[in-house]
Amino acid sequence: MTTATNSATNDVGALARDPSWFPHALDANRGIVTLARIDRDGLSSQPFLDQRMEKSVTGSMTAPFGALASAAAKERPPSFIFHTAFCCSTLLAKALDSNGSVLALKEPNILMDAANVLRMAENRNAAEKTVAQAVNLLARPHAPGEQNLIKPTNTANNIAPLIAASGAPVILLYGDLRGFLLSVLKKGEACKAFTRKQYTIFALDKEGVAAIPERQALGFTDLQIAALVWRHQMELFTRILSSGAPNIRSLYFRDLLNDPEGVLKAAALHLQLGLSDDVLAENVKSVFSRNSKFADQEYTPQERSRDETSLEEAHRAEIDLIEGWARQLKLAVDLGERLPNPLLG
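Going by our numbering, the sequence shown opens with residue -7, and the numbers climb by one from there.
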């Protein structure tokens, strides 16, 4: 990766007008944003727009965040997919990406930074402004008429109430507890550590798992922590959906897997993406037969089903145990079998 230093490129106005200077990371204490030079194809192809996108980045520089945000034109608000993790969110986002029409930005790191600003805020209004400015920078189109779709990391789900309240079209994608636990077991020790890290972050949200005393949390097993992380997110989504606002819809991930074309049509309509049925049908063929994280790897629905069956057989006893424990959980909100306001209602 190279670093750009020439004065023309360093002009804040020029940076604000060029969406190829992607807002990558925010240092809120210093008021500095790190920009990564990456073209539309690079943005579209990357499953994680964080440090893992480095191979697609051709340059980097820093700029004053406030000045850059002020210089940026007010863009059409993007659509959003928030998710509970391990529920095919990357698959859904990729299937809604279409060059010239929709650019799906998957897990941009700057929204994680903005979400943490909101978590730690002493000045709530200023923190909400930071989130809105980061979103507007991400909304810059790469072609006239192209719409941006944003899928944040689930660790940034605390910004979802703000986005939903703004009127932007939102889908809240979720999986069931059993599938969440099986994914944690499948991905091994690194994923167990990841869910523990998420637990400590969610505990800063002043709701959900924040009500559990720290000393008690230290005694939880890895799968109990995972169950609490899932529950925390599901209760947050339930609270968001309780408004009944028409711009917010829930989607159960197995509905996507069972009827990909039907769900994509409904999702594109709700998210106001303007994608034709022909484009969506072609995306089903090209996206649903491959690994959503590694596009060069084939991964058919049949292979996915076999993997799930194998995992289920290997871990049924421990999953049953944690599911029984989790049925007794209630952090603050009652959960139904499915979330309300379904996309396919």
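Think of the CB as a built atom: it goes at the ideal place given N, C-alpha and C, for glycine as much as any other residue. As the structure is a computational prediction, the values presented were derived from the model and not from experiment.
Spatial neighbours of residue i in its chain, beta-carbon cut-off 8 Å, leaving aside the 5 residues before and after
i: A160; result: P69, P70, S71, F72, N239
i: S93; result: G137, E138, Q139, L265, G266, L267, V271
i: L249; result: C80, P293, R296
i: V4; result: A55, P56, A59, L60, A63
Three-way DSSP call (helix, strand, coil) for residue i in this model
i: H75; result: strand
i: T(-6); result: For T(-6), the predicted structure reports a pLDDT of 46, less than 50, and the residue's modelled location is therefore unreliable. The matter cannot be settled from this model.
i: E329; result: coil
i: Y166; result: strand
i: S281; result: coil
i: S158; result: coil
i: S(-1); result: Summary for S(-1): the model assigns pLDDT 37, below 50, so the residue's position carries little reliability; its value from the coordinates is reported in the next sentence. Of the three classes helix, strand and coil, the one that applies to S(-1) here is helix, per DSSP.
Sequence-distant residues of the same chain with beta carbon closer than 7 Å to residue i, five excluded per side
i: Q225; result: T76, N146, N149
i: T26; result: H16, A17, S52, T54
i: A106; result: L18, T122, V123, A126, I151
i: A195; result: V201, A202
i: L323; result: G200, V201, A203, R223, H224, E227
Counterpart residues of residue i in DSSP-defined beta bridges
i: A28; result: F14, S52
i: P334; result: S242
i: N140; result: L95
i: D19; result: I24
i: S90; result: V94
i: E290; result: R282
CB of residue i within 8 Å of CB of residue j, strictly
i: A260; j: L110; result: no
i: A219; j: L169; result: yes
i: L321; j: R223; result: yes
i: L210; j: L141; result: no
i: R246; j: P334; result: no
i: D42; j: E99; result: yes
i: L154; j: E181; result: no
i: V221; j: L336; result: no
Residue of the options minimising C-alpha distance to residue i
i: A6; options: N108, R132, S235; result: R132
i: A65; options: P11, V279, V325, I217; result: P11
i: P39; options: L336, V279, E300, A156; result: V279
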